[in-house]
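Single-structure report; data block below.
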């Protein structure tokens, strides 16, 4: 298991793209599980097979990226709701 905690922090777009390719290459070459903790949801959705979303430590979403992207609890927590 490889644990990556905010590996994209402070990176520009080009550096993020390079890091994403590197992470995917490591996964493919070594066949290891990678746990990625990341706030850049674009990165998360692009490179993950499965996504777990926490809101203040409580799990509010779990599944493949498309499922999580459509989850009402995730949308509410990350995009807010209009009142």
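Numbering (my numbering), first residue to last: 2 to 84. Built from N, CA and C at the ideal position, the CB exists for glycine as well.
Measuring alpha carbon to alpha carbon, tell me which of the options ends up nearest residue i.
| i | options | result |
| --- | --- | --- |
| residue 29 | 39, 3, 46 | 3 |
| residue 58 | 65, 38, 42, 45 | 38 |
To the nearest angstrom, report how far apart residue i and residue j are at their CA atoms.
| i | j | result |
| --- | --- | --- |
| residue 84 | residue 23 | With a pLDDT of 41 at residue 84, under the threshold of 50, the modelled position of this residue cannot be trusted, and the question is left open. |
| residue 77 | residue 67 | 16 Å |
| residue 53 | residue 74 | 12 Å |
| residue 32 | residue 15 | 25 Å |
| residue 63 | residue 50 | 11 Å |
What does a CB cutoff of less than 7 Å around residue i pick up in its chain, not counting 5 residues either side in sequence?
| i | result |
| --- | --- |
| residue 25 | 48 |
Give the range of the alpha helix (DSSP H) segment to which residue i is assigned.
| i | result |
| --- | --- |
| residue 58 | First-last for residue 58: undefined, no H or E at that position. |
| residue 69 | 66-71 |
Apart from the five residues just before and just after residue i, which ones in its own chain have a Cβ nearer than 8 Å to its Cβ?
| i | result |
| --- | --- |
| residue 61 | 54, 55, 72, 74, 75, 78 |
What are the boundary residues of the beta strand (DSSP E) that residue i is part of?
| i | result |
| --- | --- |
| residue 6 | 3-6 |
| residue 33 | Where residue 33 is concerned, there is no enclosing beta strand (DSSP E), given that its DSSP letter is neither H nor E. |
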